Structures are given as C-alpha cells and as structure tokens.
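In the numbering used here, the protein residues as written are 257 to 748.
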C-alpha cells in the first residue's frame, strides 16, 4: 500500500490538469458558435479546395468591388472546410473549442507549476475563455489566442537566455503558420520590439541581451511574407489594423465598462502590478510590470485586447503564485483534498457546459435561405429585371456557405476596406436602420428578394410598399419578393 500512497499526490496533480482542460473545453464549447465569419471561411475553403487556385474575383457577393479578392486567413479557410466536410458544423465547433481550450490550458499549466498555484490560477484561466464569450466563434480568431500564447513562451525564453538561437528558429514557422490562419499575426512583428524596450528598463547587470528580441521581430517579418500573396498580404494586414474605419468597429471599441465583468481584468492588472512590486524575484520586475500596464491600456481602449490582457496576467501570476510563501505546515495536510475538490468541481462544471452547447445553425435563417434561393431562381427563369438577393451583413457568411455563389447575395463581413469599400457597408446600415431611403437602396441594387431578421424596422416599409409581398416568415427571418411589374396594355 505504501507505493500507492506515494503516488497519490502525482495522480491528483494529473487529475487536476486533465479536469482543468475538460472545464476549459466545456466552457469554450458552451460559448462556441459559428457566426458569419465562420460560415464564409468554410465557403472560401471549399472554393479553394475545389479550384486549387486563388480566385480572380469574388464568387459569392454581387455587392463587392470588382477585381481581385485577397483572401484573408486562407489556411484557416481550407482547414475549416476540411473539418466541416468530414465532421459537419458541430464537428467544427468541437475543433474550435479544443483549440481555444488548448491555448488557455498550455498557458495555465506552463506558468503555474505547483498544484496549489494551479488551483488558484484555474479561475483566471476560465475567465480567459469567458471574457471572450461575446466574440468566441469558429473563425480564425481562435488561432490568434494560441499564437499569442506561443509567442509569450518564446519571448520568455529570450528573456531567460535559454537556447536563444533555437528559440529564434521557432519564430519563423510559428509566424508563417499564424499568418495563414489569422490577421492577429501582426502582433508578432510588434511585441518583440516592445519586449526589447521593456527589457532595457532592467539594470545592466541582470538585463538580457536585446538583440534576440529585435532579431525575433525581423524573423517574424520574413515568416509573415510566407503566404499565397507574399508581401502584399502583409501590407493588407497592417493597413487593415491601422485604418481608422477598423477602429470604429465594435470589437475595437472600448468596452465602456457598463458591465461590471469588463472591470475584472483591468482591476486584476492593477493588483498584479502592485503584487509584482512586492513579491517574486527582483530580476525583470519593472519590465513585467510594464508589460501588464501596456496590455491594460490596450484592453481599456479596445475590447479585442481583453483576452490578451488576461493571457499576460496569467503569464505573470503563475510564477508569482509558485513562489508565494504559503503556510506549508497547515496547507500541506489539506492540499490533497483541495486538489481533489478542484478537480471534481472542474469536471462537474465542464460536464454541465458541454451538455448546454449551442446549435451551430440555431441563429441562421436555414428555411428562409431555401425560400429566397428558389424565389431568386424563379425570377431569373421568368426573365425578371430585378433578381438580386439582399440580406443583412451578419447573414452573408451563411449565404456563402449555403449557396456557394448560386445565387449571389449582397454583403458579408470579409473586408470592409477594399472588397466592400464601395459604400456597401453604409447601404447595409441604411437597410438595417430602416431609414426611409431603404427602398431606394433596394432599387439601386436591383433587389428582387429580401431576407431580413424578423421584427426589424425595414419590415414595416416592405409590408406597406405595393412593390413587395411577404413570401415567407418564421421566428428568425422574413422573405419578401418584389411584385412583378405590370406590363402596359396594348390597344389595337
């Protein structure tokens, strides 16, 4: 029996690690969805696989700009299409939830090394997933979180001077893969330079060499160009990130702090800066405090960086908790029970979250899309002059997935700068707000079919117009078809 007792703490530690991943995956699955971006990503991947080439023009939407279309995240497109075609939309959600959970789990287990610190850091790891709940979906963004975690690991190795050349060699494949999966790879070009600046705050006696950080940024620049479009893609990514219109998108706006949950990460960041000033090793104290403050400011100005702030907080808090001087004599006797209890709790909530997952097609107009497609085809067959299908931006991705360009639809969320930089976004806003000019917008786009969410203001305009009739309605969407124009009578 003695060997069993000796192995019990290690088995409990492994159980905690496994239960932690199960809880993270369960929470990610519970919040996971396939929004418009996910659907057009699948459709684009299917097109790439079928044609084995880059498209010369947009095959999906009629409202886009003519000319070449630069595909964003082409690697993610192909990967998502393969997963969906083999395992269905629900399989894609499982895959996306697993990637998100893996990113947080790696950060949790690699930064907190003891069972006690992992128990204390697990709530923050779960909060990492929860803070991104509103935007967590099967799209390239999930690779952004994983890329940031791996980048933090590489920068930590450069900070500690551990196998510098080997670490630099890993930057190239990391950024090359990242660039083909999500536009967030841009942070890999900037963060190493910022890390060099923060490392320069360290006293010379304990300061790490700065050249590896600068070299990492240069290597990342080379890796970013290893994509189907070469340096052109890098220019697109930087232009998209820096364009003023991008900053006006909701995801890049300040959280506003109208919800108390948005205060958690900033308040924790301030607490962590103060705690790092009192505890932990003296080496790299000021640079680590500066790193937290940098991401704290970013998270307060842009909602997109909220999870990045939590990731940095975990990276700093884990080692700090490992070195925190607990009253060992009192805690040691209860630690097996604490670890077992935390494991059981993580397993229980993970099971509940998995049982309450989302329907991948629950928020899209599946039936209405079929009606709209048939109506559009009927108008074409009868040689009507107005045959285009108009739908809101957030449904465009699903129409790409369901129709694959036959027929084409109005707009989606692929590119608000070039592809739809022709005023289509403004026209979509006019339609969504139900402005009086909405009917004129439909005439300009030669709309013959309109699919719109149930209960929006444009419904009243279409119902009151003699030029439109309601063809279908359910709890999600309504389909309106333009009434054929009457031909003037001929008198002999």
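Glycine included, each C-beta is placed from N, C-alpha and C at the ideal position.
Predicted, not measured: the structure shown is a model, and the values here were computed from it.
Secondary structure of residue 704 (DSSP, three-state): strand.
In the three-state scheme derived from DSSP, where H, G and I count as helix and E and B as strand, residue 302 is classed as helix.
Looking at the DSSP output, residue 471 sits in no beta bridge, so it has no partner there. Pairing residue 652 with residue 499, the inter-Cα distance amounts to about 23 Å. If you draw a straight line from the Cα of residue 627 to the Cα of residue 414, it is about 58 Å long. The closest CA to that of residue 647, considering only 577, 395, 614 and 734, is found on 734. About 11 Å separates the beta carbon of residue 492 from that of residue 480, a gap too long to meet the 8 Å contact definition. Using a Cβ distance threshold of 9 Å, residue 665 and residue 295 do not count as a contacting pair. Counted as a single uninterrupted DSSP element, the stretch harbouring residue 434 is not any beta strand (DSSP E) but the alpha helix (DSSP H) occupying residues 420–435.
Pairing residue 370 with residue 280, the inter-Cα distance amounts to about 19 Å. Contact annotation, residue 328 with residue 670: C-beta distance approximately 7 Å; criterion of less than 8 Å satisfied.
For residue 485, the secondary structure class from DSSP, reduced to helix, strand or coil, is coil. Taking a C-beta distance under 9 Å as the contact criterion, residue 419 and residue 660 do not qualify as a contact pair. Proximity to residue 291 across 401, 446 and 619 peaks at 619, based on C-alpha coordinates.
In the DSSP assignment, the residues bridged to residue 728 are 735.
Annotated as proximal: residue 668 and residue 316, with beta-carbon spacing under 9 Å. Counted as a single uninterrupted DSSP element, the alpha helix (DSSP H) harbouring residue 636 occupies residues 622–637. Between residue 392 and residue 284 a beta carbon distance of about 7 Å is seen, short of the 8 Å cut, so the two are scored as contacting. Going by C-alpha positions, residue 691 is about 8 Å away from residue 713. With a 10 Å radius around the Cβ and a threshold of 16 neighbouring Cβ atoms, residue 510 comes out exposed. The region 603–615 makes no contact with the region 420–436: fewer than 3 CB pairs, one atom from each, lie closer than 8 Å. Here residue 297 is not near residue 271, since their CB atoms are 9 Å or more apart.
Around the beta carbon of residue 314, a 10 Å sphere encloses 16 or more other beta carbons of the protein chains shown; the residue is thus reported as buried.
The Cβ atoms of residue 454 and residue 394 do not sit closer than 9 Å to each other. Bridge pairing for residue 614: absent [DSSP].
Here the alpha carbons of residue 396 and residue 477 stand approximately 20 Å from one another. In the structure shown, residue 326 falls within a coil segment according to DSSP collapsed to helix, strand and coil.
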